[in-house]
Amino acid sequence: MAFRLTPHERGFYPLFTRAAENIARAADDLATLVAAPPAERPELARRVKDAENAGDELTHEIMVKLNKTFVTPFDREDIYRLTSSLDDVVDAMEEAADRIVLYRLGELPAGMKTQTDVLRRAAAATAEAMPQLATMSKLQEYWVHVNSLEDEGDAAYRALLEELLCPPGDVDAAGVLTILKLKEVVDTLEEAADAFETVANTVESIAVKES
Amino acid sequence: MAFRLTPHERGFYPLFTRAAENIARAADDLATLVAAPPAERPELARRVKDAENAGDELTHEIMVKLNKTFVTPFDREDIYRLTSSLDDVVDAMEEAADRIVLYRLGELPAGMKTQTDVLRRAAAATAEAMPQLATMSKLQEYWVHVNSLEDEGDAAYRALLEELLCPPGDVDAAGVLTILKLKEVVDTLEEAADAFETVANTVESIAVKES
Amino acid sequence: MAFRLTPHERGFYPLFTRAAENIARAADDLATLVAAPPAERPELARRVKDAENAGDELTHEIMVKLNKTFVTPFDREDIYRLTSSLDDVVDAMEEAADRIVLYRLGELPAGMKTQTDVLRRAAAATAEAMPQLATMSKLQEYWVHVNSLEDEGDAAYRALLEELLCPPGDVDAAGVLTILKLKEVVDTLEEAADAFETVANTVESIAVKES
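Chains as they are written, first to last, in our numbering: chain A, 57 to 267; chain B, 57 to 267; chain C, 57 to 267.
Here's what the structure looks like:
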């Protein structure tokens, strides 16, 4: 089921690449934010918010292109899913950055840095893979890599849940409130990692159909 | 890609319109419930529950029609998404109403009234837009309007999160439990607003394909 | 819209059946886990985890087959939805089992046993229904049954929410932390029940198209 693409239809690839590069920048800023002292976080959260807005515009551009293109380079539903899951990644990253600042969180658990490091690496791999959709080369390496990063993220996530919800000593009401806030951030970072896995699975679907 | 529709296939529009009008009534009852004293809430929650049941029947009717119709007025997946997201709206509204009563909540934060007012306005706009799908007129106004309402809802939501999770004074265990309950309701109302945005984005997809 | 299937394309049915039988085993282990003393839970959670891994492999096998098959026995999107929702069921069951062990929970509320009993019965019904997709027989009984199980699960879920979040006496910070943990498990079990409903609705979609 290989396609010959007209230049017009090829226009999807650069848009996916730009969406993934935008996510890679947001992931860098998010990782920096999680490692930064509280005073420097609002500026970094603003940058992640800007990336979310840029991502929304790219999502919109891809969807309009999809709706106006009769013959698409791969299945319409695959394009739809790829676009939606890239959008989910940046939405979750923005939400995590926003909540850290909104809830005026102090020191963050070390495991959160592992989570954002996993996101940073998954984002870099995704940005590298997107241009390869045009030639369908080396994509298997990519999705195997993202799936193993997801396992790493999942281990960090479970360790964080145990650390937060089973604290060693006594906890007071203010402590429980802090746990609530941190858990929300940690859950949202895990959602971003899951969304990267959906991106990788969709790329696999596309590649298998083309093979 | 314009279609000529037989009367049979046109049957989707009245169903979407009825689903949206049903949601508009539920949104009015939900807004009334949030502003009402606790004693009046159970009756209003029952009305929202009735609307959810009516919505389920409409969803089922649309899905059966979709599965039995060979040529649909627009893409099957768009009909599927539009129906699902209308269903998500009323499910979230019903869940919010139910939890307020189930958790025997007392006074509700003022920001929750802003949330339900946004939902009421988004529902009215959606009920007005659905019949316009038949002629594809004035739909852009609609989705721009819903997207701006979503921004308004999001601002109210973030302010509520900050208010709930960063209370000014000391908080005790019972207070944290109340925060947990209120946060669940506030999150669910935000889900309803997000589902309206999905409705509007799907309408945009349909309209762009037809243009 | 009836299809004649080649032996090759019929290969989807055994895969759906195996996926559902795998879920039925996981549901039995999960129900046993919830009724078991804490010391016996880790071994049972490992078995549910094994089932999740087996489910992931089946999901992958179905997706590869779907992507390589030009003519599918029913709509590609229906196969995709059925596979995804079966996967969601086992993911949620694994997550619930894992959190019970990870959070070192002691005695569990009786209502949780009702939840896992509903899951066990929905899983058995689904495993019985999957082979019937090949002949489209007795499927209506199945989805009516699963929808009524979902109602039963929902009633148990709401009763648990009220029990957990509106405890009769005073509660301290440690108690609120326990409520947080239990609520996460209860919510996840409800997600599994919802995913069974999506499985049943998708089966209904498929059957209506074929009728």
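For glycine and all other residues, C-beta sits at the position ideal for the given N, C-alpha and C.
If you draw a straight line from the Cα of C/Ala181 to the Cα of C/Ser267, it comes to about 21 Å. Look at B/Pro223 here: in three-state DSSP terms it is coil, with no helix or strand label. Taking every protein chain shown into account, the CB of C/Arg132 has fewer than 16 other CB atoms within 10 angstroms, so this residue is exposed.
Among the residues facing chain A, C/Asp85 is not included, as its CB has no counterpart in that chain under 9 Å away. Measuring C-alpha to C-alpha distances from B/Gln171 to each of B/Ala212, B/Leu220, B/Thr258, B/Ala76 identifies B/Ala212 as the nearest.
Of all residues in the region 219–236 of chain C, those with a C-beta nearer than 9 Å to a C-beta of chain B are Leu221, Cys222, Pro223, Asp226, Val227, Asp228, Ala229, Ala230, Gly231, Val232, Ile235, Leu236, reading in chain order.
Residues of the region 186–219 of chain C with a Cβ closer than 9 Å to any Cβ of chain B, in chain order: Arg214, Leu217, Glu218. Cβ contact annotation for B/Asp173 (same chain, cutoff 8 Å, sequence separation greater than five): Ala87, in chain order. Chain-ordered, the chain B residues with CB closer than 9 Å to the CB of A/Met119 read Asn257, Glu260, Ser261, Val264. The way I'd put it, the region 149–160 of chain B does touch the region 80–98 of chain B; three or more beta-carbon pairs between them come closer than 8 Å. Remark: C-beta atoms of A/Ala178 and A/Ala83 approach each other more closely than 9 Å. For C/Glu77, no chain B residue has a C-beta closer than 8 Å to its own C-beta; the minimum C-beta separation is roughly 27 Å. DSSP places A/Ser267 outside both helix and strand once states are collapsed to three, so it counts as coil. Residue range 97–124 is occupied by the alpha helix (DSSP H) that includes B/Lys124.
Under the 9 Å criterion on CB atoms, A/Arg74 is classed as non-interfacial with respect to chain B. Listed along chain B, the residues sitting closer than 9 Å to C/Glu133 by beta-carbon distance are Arg132, Glu133, Tyr136. C/Glu208 and A/Arg103 have their C-alpha atoms spaced approximately 47 Å apart. For the region 97–124 of chain C, the set of residues with a beta-carbon nearer than 7 Å to any beta-carbon of chain A comprises Met119, Val120, Asn123, Lys124, in chain order. Unbroken alpha helix (DSSP H) runs of no fewer than 4 residues, entirely contained in the region 177–205 of chain C, are not found.
Annotation: the continuous alpha helix (DSSP H) that includes A/Asp134 extends over 132–158. Beyond the five residues adjoining it in sequence on each side, A/Val157 comes within less than 7 Å, by CB distance, of Arg97, Pro98, Ala101 in the same chain, given in chain order. DSSP places A/Ala256 in the helix class (H, G or I) of the three-state scheme. Straight-line spacing of the CA atoms in A/Val259 and A/Trp199 works out to 8 Å. Its Cα nearest to that of C/Ala91, the residue C/Leu164 stands out among C/Leu164, C/Cys222, C/Ala249, C/Met119. B/Pro187 has its alpha-carbon roughly 33 Å from the corresponding atom of C/Gln196. Between C/Asn78 and C/Val146, the C-beta spacing is below 9 Å. Under the three-state reduction of DSSP, C/Thr128 is assigned to coil, being neither helix nor strand. In the structure shown, the three-state DSSP call for A/Pro70 is helix. CA-CA distance, A/Leu221 to B/Glu246, rounds to 26 Å. Put simply, the CB of B/Leu158 is near chain C, with a gap under 9 Å to one of its CB atoms.
Beyond the five residues adjoining it in sequence on each side, B/Tyr159 comes within less than 7 Å, by CB distance, of Lys237 in the same chain, given in chain order. A Cβ-Cβ separation of about 6 Å places C/Phe252 in contact with C/Val202 under the 8 Å criterion.
A Cβ of chain C is located within less than 9 Å of the beta carbon of B/Arg155.
Annotated three-state conformation of B/Asp228 is coil, per DSSP.
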